[in-house]
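Engineer: In the working numbering, the protein residues as written are 8 to 234.
Heads up, the beta-carbon is just placed ideally off N, CA and C, and yes, glycines get one too.
Before we start, here is the structure in question, set down as structure tokens.
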């Protein structure tokens with residue numbers, strides 16, 4: 008379930024079979040199951056534009072920046088799906104890759120849905136409320152670089168160094184306690200957002216004393232694009 012305001016990817020289904028070596032993974036491992044099928048994996052990766060099956064039982068999710076063909080095409084997606092032998096679910100270090108018909112948030116502050124296990128928390132819990140929404144959490148974490156909602160009613164804050172994607176993708180399928188039209192994470196899964204940056208002013212930046220490291224140049228540059 009995805010219940011924010013969204014853009015929608017078109018369902019172009021299979022993108023092909025691609026190599027996925029252990030030292031250069033193209034997606035995040037979402038789950039492994041003896042019931043694995045294409046449909047099961049699509050459901051697990053419903054918040055992401057790409058998903059893939061591998062080794063009969065594995066499901067992997069990919070975000071909009073995933074370079075799924077980085078390791079080249081493979082002809083080794085020959086293993087039957089554990090949950091339906093009439094389907095193919097990748098191979099050994101080879102992934103059957105699909106483009107999901109998914110909805111992703113328009114909100115530029117949104118960073119994605121990530122796993123947040125109890126043994127490796129990515130943020131610090133700030134509050135729990137029956138009125139929780141993303142906006143409420145943003146206000147509570149106004150001095151933090153990141154914030155996230157979880158388990159319908161929890162708000163978590165993260166500093167600038169928070170590695171919110173370290174545990175891989177999550178399943179954010181719970182409505183906010185304060186607004187059932189919004190998603191507020193899931194069980195040990197967090198909808199993560201970045202706070203809007205504060206404008207600090209205009210400063211001189213001479214060539215012989217640069218303040219920052221140059222990153223890129225773009226004729227379509229905006230403040231949002233430079234984040």
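1) Cα-Cα, which of 126, 148 and 129 is closest to residue 135?
2) With three or more beta-carbon pairs closer than 8 Å as the criterion, would you say the region 80-92 touches the region 112-121?
3) On the DSSP bridge list, what partners appear for residue 123?
4) So, residue 131 versus residue 177, is the Cβ gap smaller than 9 Å?
5) Excluding sequence positions up to five away, which residues of its chain have a Cβ less than 6 Å from the Cβ of residue 195?
6) Determine, using beta carbons only, whether residue 154 and residue 199 come nearer to each other than 9 Å.
7) Nearest CA to the CA of residue 96: which residue from 126, 23 and 54?
8) Kindly indicate which three-state DSSP category residue 142 falls into: helix, strand or coil?
9) Less than 8 Å between C-beta atoms, sequence neighbours within five positions excluded: which residues of the same chain meet that for residue 41?
10) To the nearest angstrom, how far is the alpha carbon of residue 151 from that of residue 142?
11) May I have the straight-line CA-CA distance separating residue 66 from residue 211, to the nearest angstrom?
12) Using a Cβ-Cβ cut-off of 8 Å (strictly less than) and excluding sequence neighbours within five positions of residue 138, which residues of its own chain qualify?
13) Looking only at DSSP bridge pairs, what is residue 25 linked to?
14) Just reading off the alpha helix (DSSP H) that residue 49 is part of, what are its end residues?
15) Report the three-state DSSP secondary structure of residue 235 (helix, strand or coil).
16) Measuring straight from C-alpha to C-alpha, what distance separates residue 55 and residue 169?
Structural biologist: According to the data block:
1) Translated into the one-based positions of the chain shown, residue 135 becomes position 128. It is 148.
2) As far as the Cβ criterion goes, the region 80-92 does not touch the region 112-121, which means the pair count is below three.
3) Numbered from 1 along the chain shown, position 116 holds the residue referred to as residue 123. Looking at the DSSP assignment, residue 123 forms no beta bridge with any residue, so it has no partner.
4) Within the chain shown, numbered from 1, the residue matching residue 131 stands at position 124. Within the chain shown, numbered from 1, the residue matching residue 177 stands at position 170. No. Outside cutoff.
5) Within the chain shown, numbered from 1, the residue matching residue 195 stands at position 188. Cβ neighbours of residue 195 beyond the five flanking positions: 123 and 124.
6) Taking the first residue of the chain shown as position 1, residue 154 is located at position 147. Taking the first residue of the chain shown as position 1, residue 199 is located at position 192. Contact: yes.
7) Counted from its first residue, the chain shown places residue 96 at position 89. Among 126, 23 and 54, the Cα nearest to that of residue 96 belongs to 23.
8) As a position in the chain shown, residue 142 is number 135, starting the count at 1. It is helical.
9) Residue 41 sits at position 34 when you count from the first residue of the chain shown. 64, 89 and 90, listed in sequence order.
10) As a working note, residue 151 is residue 144 in the chain shown. As a working note, residue 142 is residue 135 in the chain shown. Between residue 151 and residue 142, the C-alpha separation is close to 14 Å.
11) In the chain shown, the residue the question calls residue 66 occupies position 59. In the chain shown, the residue the question calls residue 211 occupies position 204. Using only the alpha carbons, I get a separation of about 50 Å.
12) Residue 138 sits at position 131 when you count from the first residue of the chain shown. If we look at residue 138 and ignore the five residues flanking it on each side, its Cβ neighbours are 184 and 185.
13) Counting from 1 along the chain shown, the entry for residue 25 is found at position 18. Residue 25 pairs with 80 and 102.
14) The residue labelled residue 49 in the question sits at position 42 within the chain shown. Counting along the chain, the alpha helix (DSSP H) containing residue 49 begins and ends at 45-51.
15) Nothing about residue 235 can be read from this structure; the chain reaches only from 8 to 234.
16) For this step, residue 55 is matched to residue 48 along the chain shown. For this step, residue 169 is matched to residue 162 along the chain shown. Whole-angstrom Cα-Cα distance: 22 Å.
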